[in-house]
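Those protein sequence lines, which keep their order, are chains A and B. Be aware that the first sequence starts at 1, since it is given in this note's numbering, and climbs by one per residue. Be aware that the second sequence starts at 1001, since it is given in this note's numbering, and climbs by one per residue.
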Amino acid sequence: CSESDLGPISLNWFEELCAEAPP
Amino acid sequence: AVAEQLAPVLPDGLREESLQLVSKLKDCSSSCAVDVSTMWWEAAGCRELCVVTACESSVSLWKPLGPNCWGRVYTWQLGEIPVIQIVPLPDSCNLACVALGDLEIGEIRLLLYSSENDSFKQSLVRTGNIKAALGLKDRRLVSSSRTVQEQHVEIVSFSETGRSRDGQTLMPPEETVSAFAEVEGMRDALVGTTAVNSVVIWNLKTGQLLKKMHVGYSYPASICHQAYSDSGLLFVVLSHPHAKESESCGNPAFRVVAFNPSTARSSGVLASSLPPGHAGRYLEGDVRGALAAAVLTSGAVAVWDLLLGQCTALLPPGPARGWALARWASTDACTGACLLAGQRDGTVCLYRY
Chain A
1 CSESDLGPIS LNWFEELCAE APP
Chain B
1001 AVAEQLAPVL PDGLREESLQ LVSKLKDCSS SCAVDVSTMW WEAAGCRELC
1051 VVTACESSVS LWKPLGPNCW GRVYTWQLGE IPVIQIVPLP DSCNLACVAL
1101 GDLEIGEIRL LLYSSENDSF KQSLVRTGNI KAALGLKDRR LVSSSRTVQE
1151 QHVEIVSFSE TGRSRDGQTL MPPEETVSAF AEVEGMRDAL VGTTAVNSVV
1201 IWNLKTGQLL KKMHVGYSYP ASICHQAYSD SGLLFVVLSH PHAKESESCG
1251 NPAFRVVAFN PSTARSSGVL ASSLPPGHAG RYLEGDVRGA LAAAVLTSGA
1301 VAVWDLLLGQ CTALLPPGPA RGWALARWAS TDACTGACLL AGQRDGTVCL
1351 YRY
């Protein structure tokens, strides 16, 4: 699968989602 | 003398991998085997990998006595509520959980051995309308339960002696959680699949629900088995027990789907389909690392390498009755993979893969 299929990829997705999600 | 080589029955003549029968055990008192698993058992300073078998009313622990010789160590009697499944606690010793209920799980019990006073015990861990349960590393158990109004997703952790410690609540999604999977290499992440075909991600440390991602309509009624995080993507191994064969998708037993958790977009990576010319479809199965095994409606057990998307071994149904259960054993890294294949009459065969 290519990046164009899946959108921009972040290696730190877990930390970023934790920062965005409600506590 | 008892070991026999069962080469994979593949039409293209692939013989790269095979399943070697190591030993066989038979529970003569059981007429209906429900589940099979493994459990580390340590008594008198000796730690051994034992086999755990479940029938409707009891769970038995079997230890190896010698080549192709197993002795029953203990049987936990579980009363009137039927056993539905064994819920192993990975990396634990002297502990396993068992789910009981009629049609759905109504309670989960902890089965344990206390080396201090050389005794076997059981204790009630959870009751309710339990939809899914999974044993996690570090002696933890996650389960989802549902009332008419709301869903609870909870983790209970056990001490080495089996005492329940303070539990933790995970934020529930709106939809019912149908299965859980740990994310390899990410200690604080847990994924689940839901009844409306989404994959959800939690932070195990904080209980936060981080993301909900739809699997896609081409992969109906997905059940998650395992997840890996790599290069910014989340790879989830899914099975589709209720899927019908289609011309476009063939007859896959397992699929690896890549999710971008940042955008919630997904893309199929590999499908592990039934061997060509083999009738039937996926019934139930188990995944460990890159290996998947499943019982098919034909009564055969198939093994796939999920990295190749190829069936690498097949156990034919046999002359009498077909296989009913296929589980990967917990093993040391040095001993390689071991498949437990069970028949409904209580016979369990151990194969080295």
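Ideal Cβ positions, reconstructed from N, Cα and C, are used throughout, including at glycine.
Contacts with chain A at 8 Å (Cβ-Cβ) do not include G1309/B.
Judged by pairs of C-beta atoms under 8 Å, the stretch 8–19 of chain A does not touch the stretch 1311–1325 of chain B, as fewer than three such pairs exist. When DSSP states are grouped into helix, strand and coil, D1091/B belongs to the coil group.
The way I'd put it, the stretch 1076–1086 of chain B does touch the stretch 1046–1066 of chain B; three or more beta-carbon pairs between them come closer than 8 Å.
Beyond the five residues adjoining it in sequence on each side, A1300/B comes within less than 8 Å, by CB distance, of H1278, G1280, L1314, L1315, P1316, P1317, G1322, W1323 in the same chain, given in chain order.
Between the alpha carbons of V1051/B and L1340/B lies a gap of roughly 9 Å. Sixteen is the threshold: since fewer than 16 other Cβ atoms of the shown chains lie within 10 Å of the Cβ of N12/A, the residue is exposed. Residue range 13–20 is occupied by the alpha helix (DSSP H) that includes A19/A, with no beta strand (DSSP E) assigned at that position. Going by DSSP, K1026/B is part of the beta strand (DSSP E) stretching over 1019–1026. About 15 Å separates the Cβ atoms of V1142/B and Q1226/B, ruling out a contact at the 8 Å cut-off.
Taking a Cβ-Cβ threshold of 9 Å, the residues of chain A close to L1233/B are C1, L6, I9, W13, in chain order.
The alpha-carbon separation between A1258/B and Y1219/B amounts to approximately 13 Å. Fully contained in the stretch 1074–1145 of chain B are the following beta strand (DSSP E) runs of length 3 or more, in chain order: 1083–1088, 1095–1100, 1105–1114, 1119–1136. At least one CB atom of chain A sits nearer than 8 Å to the CB of R1265/B. Here DSSP, grouped into helix, strand and coil, assigns D5/A to helix. By the Cβ criterion, the stretch 1084–1096 of chain B is in contact with the stretch 1032–1042 of chain B, since at least three pairs of Cβ atoms, one from each stretch, lie closer than 8 Å. A residue is called buried once 16 or more other Cβ atoms fall within 10 Å of its Cβ, and H1240/B is buried on that count. Cβ atoms of G1346/B and A1033/B come within 8 Å of each other, at about 5 Å. Using a Cβ-Cβ cut-off of 7 Å, N1260/B is close to L6, G7, I9 of chain A, given in chain order. Between S1178/B and A1132/B, the beta carbon gap of about 6 Å places them in contact (Cβ cut-off 8 Å). Annotation: T1193/B has no Cβ neighbours in chain A at a cutoff of 9 Å; minimum Cβ distance is about 18 Å. Counting every other CB atom within 10 Å of its CB across the protein chains shown gives G1045/B a total below 16, marking it as exposed. Ranking L1238/B, S1023/B, D1118/B, L1049/B by CA distance to the CA of E1182/B puts L1238/B first. Here M1039/B is bridged, per DSSP, to C1050/B. Distances from the CA of M1171/B to each of Q1149/B, G1185/B, S1144/B were compared; the closest alpha carbon is that of S1144/B.
If only complete runs of 3 or more residues are kept, the stretch 1300–1333 of chain B shows the beta strand (DSSP E) at 1301–1305, 1310–1315, 1325–1328, in order along the chain.
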